[in-house]
Amino acid sequence: MEKKPPSRRSESIDNYLKAIFSLGGGDDHLVGSKQIADRLGIAPASVTNMLQRLAGQVRPMVRYERHRGVKLTAVGRKRALEILRHHRLLETFLFEVLGYPIEELHDEAERLEHFISERFEERVASRLGNPTQDPHGHCIPALDGSMPPQHRAGCRCYV
């Protein structure tokens with residue numbers, strides 16, 4: 001059974017999760033609302049509202065501490081890594097297979113990352129030989145969410 005395409009709201013949630021993951025260095029560090037607002041180019045009040053919603057879900061994606069910051073829960077981290085995997089595989093596919101110039105990769109992958117099926121993801125990874133880094137030198141999370149052995153040893157994952 002194929003997943004239905006995400007709504008604009010879930011695209012927004014994915015972007016928040018990716019931003020929190022990247023700004024937190026992939027660890028359990030608290031990330032401030034202003035940092036997220038700056039990264040996403042939105043008003044800090046909008047960030048606070050979204051973080052409160054994400055923290056208040058039945059299966060919370062974040063732990064939000066007012067005036068301190070936010071960090072991902074296991075559920076949020078899993079989704080952030082899935083979207084990062086989509087994004088980085090797409091960048092690699094666009095570069096290696098379709099010949100996109102490196103400066104166009106991010107924006108194109110950003111548009112596509114929310115809409116690919118797991119089957120498409122699997123085929124792209126297989127076609128590329130299951131790469132562990134994208135053309136920018138960022139590690140590509142494995143299907144299980146783990147990072148490749150070179151992670152943190154000179155990688156550029158959180159740039």
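So that you can map any letter, position 19 of the sequence shown is 19 in full-length UniProt numbering, and since no number is skipped, the others follow by simple counting.
For each residue, glycine too, the CB sits at the ideal point set by N, CA and C.
In this text, all values refer to a predicted model and were calculated from it rather than measured experimentally.
Cβ atoms of LEU84 and PRO141 come within 8 Å of each other, at about 6 Å.
Here LYS18 has ALA80, ILE83, LEU84, HIS87 as same chain residues with Cβ atoms under 8 Å from its own Cβ, once five neighbours each way along the sequence are excluded. By the neighbour-count criterion, in which 16 or more other beta carbons inside 10 Å mark a residue as buried, GLU65 falls on the exposed side. By DSSP's assignment, GLU65 forms a beta bridge with GLY69. Membership of ILE83 in the alpha helix (DSSP H) is indicated by the continuous run 74-96.
Secondary structure note for PHE115: it is in no alpha helix (DSSP H), with a DSSP letter that is neither H nor E. Note that the C-beta distance between GLU91 and ASP134 is below 7 Å. Secondary structure at GLN133: strand, using DSSP grouped into helix, strand and coil.
In terms of Cβ geometry, LEU54 and VAL62 form a close pair [threshold 7 Å]. For SER146, there is no enclosing alpha helix (DSSP H), since its DSSP letter is neither H nor E. Burial state of HIS67 is exposed, judged by a 10 Å Cβ sphere holding fewer than 16 other Cβ atoms. Cβ neighbours of GLN35 within its own chain (closer than 6 Å, five residues either side excluded): LEU23. Secondary structure note for VAL47: its alpha helix (DSSP H) is the uninterrupted segment 44-55. For GLY41 and ASN15, the gap between their C-alpha atoms comes out near 11 Å.
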